[in-house]
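Here the sequence shown stands for residues 14 to 172, numbered as in the working numbering.
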Amino acid sequence: MDNKNNTRILLDKLDLQIIQEMMNDAEISYAELGKKLFVSGGTIHVRIKKLEELKVFTGKKYKVDLQSIGYDVIAFIGIYLEKSSMYDDVAKELKKIPQVVRVNYTTGNYSMFAEIVCRDINQLRFVLHDELQKIKGIERTETLISLEESFNRCALVLN
């Protein structure tokens, strides 16, 4: 596992088990997690603090059911850049658009791939037409609208 400094972080089996469990339920108590992994809550506490210091854990988030609060449109945008050297500038501009929730620098057909969450089609149109198209460096985009999310796995199986 690499961190942002490209230095190798050495993790043992217990660290990986803690990471796996915390990805599934970040609110689990240290005592409960300790019981589950057959170690003390104090050991869990020390290990989690170490993982935070190593930046393996970076904050805690709630998973929100976006449809329940009125956000019904999820779209994926393939972005073609005029030049790949414009990636950093375009990423900074995309970050200013609140509906853009994720951006990846990619290989393949697109230079970048973004996920956008909107209340409705009108808001998506506004983001695509009035926001994205004015960003210097974006040559063109292709939009894929999600009809259904079958599952969303925030974690992979670590071993």
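C-beta: ideal position from N, C-alpha, C; glycine also.
Computed from a predicted model, the values in this text were never measured in an experiment.
Below 8 Å on the Cβ atoms is my contact criterion, and I expect residue i with residue j to pass it. Report the Cβ-Cβ distance as a whole number of Å.
i: residue 151; j: residue 77; result: No, residue 151 and residue 77 are not in contact; Cβ-Cβ is about 28 Å, not under 8 Å.
i: residue 60; j: residue 31; result: 5 Å
Excluding five sequence neighbours on each side, which residues of the same chain lie with their C-beta closer than 8 Å to the C-beta of residue i?
i: residue 34; result: 41, 46, 49 and 50
Beta-carbon within less than 6 Å of residue i's beta-carbon, same chain only, minus the 5 sequence neighbours each way: which residues are those?
i: residue 100; result: 118
Around the Cβ of residue i, are there at least 16 other Cβ atoms within 10 angstroms (buried) or fewer (exposed)?
i: residue 57; result: buried
i: residue 127; result: buried
i: residue 166; result: exposed
i: residue 162; result: exposed
i: residue 90; result: buried
i: residue 81; result: exposed
Taking C-alpha atoms, which residue in the options lies nearest to residue i?
i: residue 26; options: 44, 85 and 52; result: 52
i: residue 93; options: 120, 105, 161 and 72; result: 120
i: residue 107; options: 164, 75, 147 and 82; result: 147
i: residue 139; options: 111, 122 and 36; result: 111
i: residue 28; options: 63, 44, 83 and 125; result: 63
### Message
For a minimum of 3 consecutive residues, which ranges assigned as the beta strand (DSSP E) are wholly contained in the stretch 51–136?
### Response
86–94, 113–118 and 125–131
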